[in-house]
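This report refers to the structure that appears directly beneath it.
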Amino acid sequence: MKSQYLVKTYLYKIIVVMESRIKLRKIICLCICLAIGGMIYFGYLICALAPSTVHFHFKDNLGRPLPSNHTAMSYDYENDEATGSNDQRFDINAHDVMVFLHIQKTGGTSFGRHLVSDLDLQRPCSCQRKKKRCYCFRPNRHEVWLFSRYSTGWKCGLHADWTELTSCVHSELDKNEGHVQRRYFYISILREPLSRYLSEFKHVQRGATWRNSRHWCGGRTASPSELPKCYPGPYWRGVSLDEFADCPHNLATNRQTRMMADLSLVGCYNMSAMSTEQRNRMMLASAKRNLASMAYFALTEYQKIDQYVFEETFNMRFCVPFVQQNSTLSATALAMLTPAQLSKIQRLNALDKELYEFARSLMMR
Numbered sequence: 003m004k005s006q007y008l009v010k011t012y013l014y015k016i017i018v019v020m021e022s023r024i025k026l027r028k029i030i031c032l033c034i035c036l037a038i039g040g041m042i043y044f045g046y047l048i049c050a051l052a053p054s055t056v057h058f059h060f061k062d063n064l065g066r067p068l069p070s071n072h073t074a075m076s077y078d079y080e081n082d083e084a085t086g087s088n089d090q091r092f093d094i095n096a097h098d099v100m101v102f103l104h105i106q107k108t109g110g111t112s113f114g115r116h117l118v119s120d121l122d123l124q125r126p127c128s129c130q131r132k133k134k135r136c137y138c139f140r141p142n143r144h145e146v147w148l149f150s151r152y153s154t155g156w157k158c159g160l161h162a163d164w165t166e167l168t169s170c171v172h173s174e175l176d177k178n179e180g181h182v183q184r185r186y187f188y189i190s191i192l193r194e195p196l197s198r199y200l201s202e203f204k205h206v207q208r209g210a211t212w213r214n215s216r217h218w219c220g221g222r223t224a225s226p227s228e229l230p231k232c233y234p235g236p237y238w239r240g241v242s243l244d245e246f247a248d249c250p251h252n253l254a255t256n257r258q259t260r261m262m263a264d265l266s267l268v269g270c271y272n273m274s275a276m277s278t279e280q281r282n283r284m285m286l287a288s289a290k291r292n293l294a295s296m297a298y299f300a301l302t303e304y305q306k307i308d309q310y311v312f313e314e315t316f317n318m319r320f321c322v323p324f325v326q327q328n329s330t331l332s333a334t335a336l337a338m339l340t341p342a343q344l345s346k347i348q349r350l351n352a353l354d355k356e357l358y359e360f361a362r363s364l365m366m367r
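Residue 3 is where the sequence shown starts when you use this note's numbering, and the numbers rise one by one after that.
See below:
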């Protein structure tokens with residue numbers, strides 16, 4: 003009897019100890035689960051609060067594109083996929099700003115309207131009727147994510163070029179939003195040079211001049227002696243194509259290369275700073291470099307590809323498809339050119355032709 007009692011007592015103690023250990027293990031497992039759950043929740047909480055508190059480890063670059071080792075975003079056309087880590091992607095909730103470099107007669111007006119009217123956004127741009135202005139604010143606060151004609155207006159000048167934008171965008175945004183470290187994602191559109199040149203000619207012939215453009219470079223606007231006018235009055239209405247092409251100071255010539263380049267490298271608009279050959283070579287090299295470093299560029303002749311690449315690059319979707327315009331005024335003007343006129347215009351815009359072919363090779367490779 004006594005031995006049976008001792009055995010039962012011993013077994014009971016063993017069971018009690020085992021139950022205690024099982025309970026302890028359950029408590030430990032529960033604590034571990036709670037800890038993991040808390041860490042996950044805390045991570046999500048940090049992500050949710052990040053837009054208003056995070057400070058990016060990018061140098062405050064005064065509106066310039068990010069340096070090559072911190073490229074905002076590129077697109078791998080060969081592998082047909084967006085490249086770059088997540089922290090290099092455009093984040094509309096953070097302090098990222100899309101800057102549109104709008105070159106005349108490239109289809110930039112239509113593209114600019116797409117940006118403010120047709121993107122499927124959590125907080126769509128608010129456009130005012132009868133006004134060419136939309137308010138494009140971030141979903142979580144009263145800050146703009148788009149710097150363009152239709153969102154901010156011509157804050158850096160009428161059709162500001164790369165040189166003007168990179169010295170102006172940051173300070174203009176600081177005036178309204180205070181000093182913030184931002185990332186700038188530059189975008190632009192190029193067009194087949196001959197068509198673009200003829201389109202500008204027809205536009206000027208109808209009375210447009212863009213005479214209010216600032217041409218800011220090196221801390222000042224270009225002087226009248228640096229940019230002589232091609233016409234005596236306020237307009238050049240009714241100009242013939244030969245007159246248009248014969249003016250050596252016509253900014254339509256190689257406009258895309260000039261507007262894409264860093265003009266401070268070639269003495270701004272001081273044509274005597276170096277030889278014409280050296281100036282052209284340096285300007286083209288700068289334009290290619292800036293184009294390749296842009297977050298996104300489009301080609302007017304490839305609307306479907308343009309839309310696809312934009313949507314993949316910025317993880318934004320348009321509500322409507324882009325439309326390819328095959329019938330234009332420039333096409334009509336092109337058909338009326340004499341062989342001599344065609345040869346002259348092609349020769350005048352040789353830099354733009356090389357830049358365009360470079361852009362197309364980047365897109366199609």
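Backbone N, C-alpha and C define an ideal beta-carbon position, used for all residues, glycine too. Because the structure is a prediction, the values reported are computed rather than measured.
**OP:** Tell me whether Ala-333 sits in a helix, a strand or coil according to DSSP, three-state version.
**Re:** Reduced to three states, the DSSP call for Ala-333 is helix.
**OP:** Compare the C-alpha of Leu-350 against each of Leu-331, Glu-303, Gln-258, Ile-307 and name the closest.
**Re:** Between Leu-350 and the set Leu-331, Glu-303, Gln-258, Ile-307, the nearest pair of CA atoms involves Gln-258.
Subject >> Leu-167 (DSSP reduced to helix, strand or coil) >> reply: The three-state reading of DSSP puts Leu-167 in helix, counting H, G and I together.
Original post:
Under the three-state reduction of DSSP, which class applies to Arg-115: helix, strand or coil?
Top reply: Here Arg-115 sits in helix by DSSP.
Subject >> Cβ neighbour criterion (16 or more within 10 Å) applied to Glu-279 >> reply: Glu-279 sits exposed, since fewer than 16 C-beta atoms from the chains shown fall within 10 Å of its C-beta.
Subject >> Among Leu-36, Gln-305, Tyr-137, the one whose alpha carbon lies nearest that of Ser-119 >> reply: For the residues Leu-36, Gln-305, Tyr-137, the minimum Cα distance to Ser-119 belongs to Tyr-137.
**OP:** Can you give me the start and stop residues for the beta strand (DSSP E) that Tyr-186 sits inside?
**Re:** It spans 185-192 - the beta strand (DSSP E) in which Tyr-186 sits, taken as one unbroken run.
Original post:
With 16 other CB atoms within 10 Å as the buried threshold, where does Gly-240 fall?
Top reply: Here Gly-240 is exposed. Its C-beta has fewer than 16 other C-beta atoms within 10 Å.
**OP:** Determine the direct distance from the alpha carbon of Glu-314 to that of Arg-125, and round the result to whole angstroms.
**Re:** Taking the straight line joining both Cα atoms gives about 19 Å.
Original post:
Just the Cα atoms here: how many angstroms apart are Leu-243 and Val-101?
Top reply: Leu-243 and Val-101 have their alpha carbons spaced roughly 33 Å apart.
Original post:
Using a Cβ-Cβ cut-off of 8 Å (strictly less than) and excluding sequence neighbours within five positions of Arg-213, which residues of its own chain qualify?
Top reply: Cβ neighbours of Arg-213 beyond the five flanking positions: Pro-236.
Original post:
Where does Cys-232 fall in DSSP's three states?
Top reply: Looking at Cys-232 - three-state DSSP - the assignment turns out to be coil, as it is neither helix nor strand.
Original post:
Expressed to the nearest angstrom, what Euclidean distance is found between the alpha-carbon atoms of Leu-121 and Arg-222?
Top reply: Distance between the alpha carbons of Leu-121 and Arg-222: 37 Å.
Original post:
From what residue to what residue does the alpha helix (DSSP H) around Leu-121 run?
Top reply: Counting along the chain, no alpha helix (DSSP H) covers Leu-121, and no H or E run does either.
Original post:
DSSP on Cys-299, reduced to helix/strand/coil?
Top reply: In the sequence on display, residue 299 carries Phe and not Cys. Note: Phe-299 maps to strand in three-state DSSP.
Original post:
Does DSSP put Thr-278 in a helix, in a strand, or in coil?
Top reply: The answer is helix: DSSP assigns Thr-278 an H, G or I state.
**OP:** To the nearest angstrom, report how far apart Tyr-46 and Arg-367 are at their CA atoms.
**Re:** Any answer about Tyr-46 is weak, because its pLDDT of 45 lies below 50 and its placement is not dependable; what the coordinates show is given next. For Tyr-46 and Arg-367, the gap between their C-alpha atoms comes out near 39 Å.
Original post:
Considering only C-alpha positions, which residue in the set Arg-27, Tyr-358, Arg-115 is nearest to Ser-197?
Top reply: Among Arg-27, Tyr-358, Arg-115, the Cα nearest to that of Ser-197 is on Tyr-358.
Subject >> Pairwise C-alpha distance: Pro-323 and Met-273 >> reply: Taking the straight line joining both Cα atoms gives about 44 Å.
**OP:** Report the option in Gly-155, Cys-321, Met-284 whose CA atom is closest to the CA atom of Leu-123.
**Re:** Among Gly-155, Cys-321, Met-284, the Cα nearest to that of Leu-123 belongs to Cys-321.
Original post:
Helix or strand or just coil, what does DSSP make of Phe-139?
Top reply: DSSP places Phe-139 in strand when its eight states are reduced to three.
Original post:
Helix or strand or just coil, what does DSSP make of Asp-98?
Top reply: If DSSP states are grouped into helix, strand and coil, Asp-98 belongs with the strands.
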